[in-house]
Structures are given as structure tokens and as C-alpha cells.
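Chains as they are written, first to last, in the working numbering: chain A, 1 to 270; chain B, 1001 to 1306. A virtual CB, placed ideally from N, CA and C, is assigned to each residue, including glycine. Have a look at the structure below before the remarks.
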Amino acid sequence: MGGGYTARVSTRYQGAEIMTALLELRNLRKDYGGLRAVDDVSLTVPEGAIIGLIGPNGSGKSTLINLIAGATQRSAGRVIFAGDDISDLPPDAVFKLGIARGYQEPALYLKLTVLDNMLLPVKNQRGEGPWYAPWWRTWHNEEAKHAERALAVLEQVQLLQQYDTLASDLSGGQMKLLEIARSLMGQPKLLLLDEPTAGVAPKLAYEIFEQIARLRREHGITFLIVEHRLEILFDFADTVYVMHLGNLLAEGSVAEIANHATVREVYFGE
Amino acid sequence: MPPALLTTSLVNTIQIGSLYALMALGITLTFSVMKLPNFAHAEFVTAGAYAALIVSLSGVLNPLAIMAAAFVVGALTALISHIAVFKPLENREVSLYTLILASFAVGLIIRYILFLMADYFNLFDLRIGIPLTILFREGSLILSNLFAWVVPTSILLVILLTLLLNATPLGREMRALANNSILARVIGIPVERVKNYTWLLVGGLAGVAGALWGLQSAVNPLMGWAAIISVFAAAILGGLSSFSGTILGAYVVAFSENTLMLFLNFNFGVDLAYKPAIPFIIIIAVLLLRPQGFTEIFRRAGDLDR
């Protein structure tokens, strides 16, 4: 009896601990043949935080993102999201739970319009069933509501004017914004962004991060961001993790990381 | 070439072209959404034709009921092929060649099941017997109610399919799958469901095409197979990705096989026995000279380009 009681207490304690952490990686590992891309990484992403993930090329940042999103199978370790083990879920199930992601190369439907891109992730649309699709009346109102929401989000990221253009006709920065806007349509809790400012002009890069900060402020969305432009990231991140050769090298506030001796050595080559 | 023959052949071009369009759109849709050049499409057509024939032999002579039966049987044939063969193969990530060969195999299996059935019940070369009436007669040009069923139905279905694809949430997901199927999973599109629906739609339309084909000529287990090269030629003219290109391609193929063939026969003595060569010539010419087909002509409208 006593043992049962202890077990229950410890479960409860763990539950309480997880409440504050939206995402938790426990001893995550990924081997590609002989190469260990991610080596025993444990980290915590608190709800509502903007977490930066930095490190030199090939340090395992993108692999880590893929592991969380379910796009890559882990070799060992666990991914805990909102208290649930999501280590073995496929990408669409992970997305449904509220983890959306952006890519280095904006992953958009280039042959579809901006608005179409926005409406695709909306869950459980009536008109996506074959029995309803031919009957415009059955889904038109719902569709109009989704479109209204999509247009409102597009307005926030200043893409309203372009709602009917093909995604392929957008500029690089606009594509990034559309990608973020689209992930909002799925009402995510956590956004994983892989270099959201790669290939974007400096001014627009700053704007993208301002949008990120605003989304956190207004919608309470949590961000895990891989970024190479440290000068911008450091203006917005709460906590920064540094990866090197698959390992977590350091963790800390922006100030701590900027002054971390080992980090400066491997990252800035000092 | 006598004008009477010209008009008759043009009527044939329209009639056959409309049916080719209906079948070729299915191939374009399968190739775009499922990344599968499906040769078993021919047998979805035949299965639909037999469903229509059996319903008509059982005494139902309403063309709409006949077509509905053909749709259901064609759709189920396609879905079963997907679930039993294509999906397991896709899950194993086999190469395109394996999928093409598998589609030939699926086609063969369905074709010879239909052969067995036709043999047992003696259902060879029968026409789906709706009563024939002459609607229009001008010299040698005769338009029957068959023409009035085949052409408007095909065109209407082509329009409905285009609308479904371009103006509904289901169609949006199909276009998304055609455009980037890996991304589709990541942003939460129910990929398997959309694929199932696409198969139902493709098979159903093939079935209706079979019923219409059986109305105008005769039903036998080889009818779909006999048409498939022409239909593929039409789809290839559409670059296997463009809806408008495929429709145009269907009429180009039908025109070449009917009007152009007769013209060559009359003026240059080309034997009509060369007719089956036409789709092959078209396929080879397109692949050599213009592999993208008509896709560049219709940049935007209904493109399923990947």
C-alpha cells in the first residue's frame, strides 16, 4: 500500500512539473548509420516562451526539429508534449496536437493561391468529404467563416493584398510570413521554425521576429526557433540552447550565452 | 473528301473525344494526386460498362440509373485496387516502374475476371439496349439520342469535375496533394482519406465513361483496353497534369483518329487499318518534341502540376 501511495505522489509530482513545460525532450538521440546527429539531448520549452536554438551547420538543430515534428524517427529518448508522449506519432498526428512547423525553404503549395494555402490546414472541414463537397450549400457558410479568419490572419502579416496571387509569385520574405500565417490556421500551441529569416532582407527579417513576438503576446503561442542571425534572435529570445556536434553545449539567457566562453569558441571561433 | 463524310467524322470526333476526355481526366488525376500512371484505368471503364450492361439486361432502361450503377461499380473497383495493391506498394515506397507494372497486373486481373464472367453468362459484344431514337437527320448526318446522352453527359461531368477540383475544399486538398504530397502530411491534410476519395471519383467517372461507351458501341472485356492507348495519348498531350490540356488532348486524339484518318485515307490512300497507330505516333511525337504537352498554354486554369 505504501509503495502505491509513493508511486501516486511521484506521478502527481511529475504531472505538476510537466504543466509548466509545454515541450520536453528526454535523452533524445538520432543515429544515421554511424553518424550520431543528435546525441542525448534533453531540454525543456516552457509554455509561452521564445526559445532559440543555435549552433554551427551540421550540429543537429534541424534533425532535432524533425524529431519533434515526427518527420524523423528517433533512435532513443522521448518527446513529451503537453504531458503526452508523442515520440512515435506521425507528422500529421503531431500537427493535430498543436505543433506546427516552418522550414528553411518555405514549404508552400506554390501552385495554389495564398488563400488556398491558408485554408488547407483547417481541421475537419465539411466540404472535404465527398458527400458534402458537391453540395455548395452544405459547406459554404463554414468555408466563408474559415476564409474570414484566414484573411484576418493575412492582414496581420500584411499579406491581405496578395490573397488571390499564387504562392510562387510572392517574395522570399512574404513566403516566410505566409508559412507562419498558415501554421496559425491550425491553431498551434507550439511553432517550430527552422531559420525563419534565411534568405530574407534584414528589415523584413526583423519584422518577422516582431510578428513572432506579437503572436506570443496575443495568442500565447510558444516558439522554438533555429536561427543563424543571432543579432536578431538575441533581441527576442528568452532562453537560448546551443548545439554542437549533436550535443547540447550550453543553455541560458541571451546574456549568459553571449558571454559563454565555450560557446564563443565553437560558434564564433574565438 | 466528300462533305457528308467530313461532317459525320466530325460528329464522331466530338462523341469519341468527349469520352476520351472523361477517361483521360481520370488518368491525369491519378497521376497528379497519386503519382501513378494507372493502366488499370482501362478496366475500371470495362467494369463500369459491364455493370451498366447487366443493369440494362435486368430491365432497367433509364440511362441515369444505368450510369449510376456504372459509377458505383467503377468507383468500388478503383478503391479496391488501391487498398489491395497500390496502397501497400506505396507504403513500401516502391519505384515508379514497379507501380506501372502493378497497374498492368491489376488491369489484367480485372480484365480476365470480366472475361470469365462474360464467358459464363455469354455477355460478349452486347450493346446497352436503351431504345434508339433519331433526333436529327440532315442528308447523311444522323444524330440519335445516343449522341444526346454521350456528349452532354461527358461534357457535364468534365465541367463538374473541374468545379469540384477548383472550387471545393476537397478539390483544394487534391490540388495540394498533387502539388506537394510530403508537405500535405505535415500540415495535417488527411492524405489517406483524400486519396480514397480520389480513387472513388476516378473509378466512378471511368465507370460512367464505360457505360456511355457501351451505349454507343458494344460491351466486351477488351473495350477499355482497346481505348487505353488513345486515352493515355490524350493525357500525355495534357502533360499528365493539366486539366484543360487533357481535354484539348482528348479531342485532338479523337480528331486524328477519325477526321484526319479519313482525310489521309481519301487523299493519300492511307489504309484505315493504320488507325491504331495514331495514338502511338502522338505519344512518341509529344514525348520527343514537347514533353510538357499543352501545359504551358494553360498556365493557371486547373493546373495540377507538381
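- Around A:Y109, the beta-carbon contacts reaching into chain B at under 8 Å are R1175, A1176, N1179, N1180 and L1183.
- Here B:N1267 is exposed. Its C-beta has fewer than 16 other C-beta atoms within 10 Å.
- Across the stretch 135-149 of chain A, CB contacts with chain B closer than 7 Å involve W139 and E143, in sequence order along the chain.
- In the three-state scheme derived from DSSP, where H, G and I count as helix and E and B as strand, B:L1057 is classed as helix.
- Under the criterion of beta carbons closer than 8 Å, A:K123 and B:G1188 qualify as touching, at roughly 6 Å.
- Closer than 9 Å to the CB of A:S183 there is at least one CB belonging to chain B.
- Contact between B:L1126 and B:L1053 is confirmed by a C-beta separation of about 6 Å, below the 8 Å threshold.
- In the three-state reduction of the DSSP assignment, A:N27 falls in the strand class.
- Pairwise C-beta distances place the stretch 1075-1087 of chain B out of contact with the stretch 1241-1248 of chain B, as fewer than three of them are shorter than 8 Å.
- Of the candidates B:Y1251, B:I1284, B:M1261 and B:L1272, the residue whose Cα lies closest to the Cα of B:T1013 is B:Y1251.
- No Cβ of chain B is located within less than 9 Å of the beta carbon of A:D164.
- Only residues of its own chain outside the window of five on either side were considered, and among them L53, I54, G55, D194, V226 and M243 have a CB closer than 8 Å to the CB of A:K61, listed in chain order.
- If you ignore the 5 residues before and after B:L1089, its C-beta comes within less than 8 Å of the C-beta of T1098, L1099 and A1102, all in its own chain and listed in chain order.
- Out of A:N57, A:I80, A:L43 and A:Y103, the CA that lies nearest to the CA of A:N66 is found in A:Y103.
- Under the three-pair Cβ rule at 8 Å, the stretch 1108-1116 of chain B does not count as touching the stretch 1125-1142 of chain B.
- Note that the C-beta distance between B:A1254 and B:S1217 is not below 9 Å.
- Around B:T1168, the beta-carbon contacts reaching into chain A at under 7 Å are G127 and A133.
- Taken through DSSP and simplified to helix, strand or coil, A:L224 comes out as strand.
- Here A:K203 is exposed, its C-beta having fewer than 16 other C-beta atoms within 10 Å.
- For the alpha helix (DSSP H) assignment, the uninterrupted runs of no fewer than 4 residues enclosed by the stretch 181-257 of chain A are, from N- to C-terminal side, 202-219 and 230-236.
- By the C-beta density criterion, A:Y109 is buried, having at least 16 other C-beta atoms within 10 angstroms.
- For A:P130, the residues of chain B that pass the 8 Å Cβ criterion are L1170, Y1197, L1200 and L1201, in the order they occur in the chain.
- Within the stretch 64-147 of chain A, the runs of alpha helix (DSSP H) at least 4 residues long that lie entirely inside it are, in chain order, 91-97 and 114-119.
- Comparing alpha-carbon positions, the option among B:R1137, B:K1035, B:N1220 and B:F1104 lying closest to B:N1122 turns out to be B:N1220.
- In the three-state reduction of the DSSP assignment, B:R1092 falls in the coil class.
- The three-state reading of DSSP puts A:A37 in strand, counting E and B together.
- Taking 9 Å as the cut-off, the beta carbon of B:G1214 is found closer than this to the beta carbon of B:A1049.
- In the three-state DSSP reduction, A:E47 falls in the coil class, being neither helix nor strand.
- The contact set of A:G186 on chain B, defined by CB atoms closer than 8 Å, consists of I1187 and G1188 in chain order.
- When C-alpha distances from B:A1226 are compared across B:V1094, B:L1183, B:L1165 and B:G1210, the shortest belongs to B:G1210.
- In the same chain as A:W139, and ignoring 5 residues on each side of it, the C-beta atoms closer than 8 Å to its own belong to Q125, R126, G127, Y132 and A133, in chain order.
- Distance check between A:N117 and each of B:L1287, B:F1280 and B:P1169 places B:P1169 closest, using alpha-carbon atoms only.
- Going by DSSP, B:F1232 is part of the alpha helix (DSSP H) stretching over M1223 to L1237.
- With a cutoff of 9 Å on beta-carbon distance, B:F1039 and B:F1232 are scored as near each other.
- Contacts between A:P91 and chain B, judged by CB atoms closer than 8 Å, involve R1185 and V1186 in chain order.
- In the structure shown, B:R1111 adopts helical secondary structure according to DSSP, grouped into three states.
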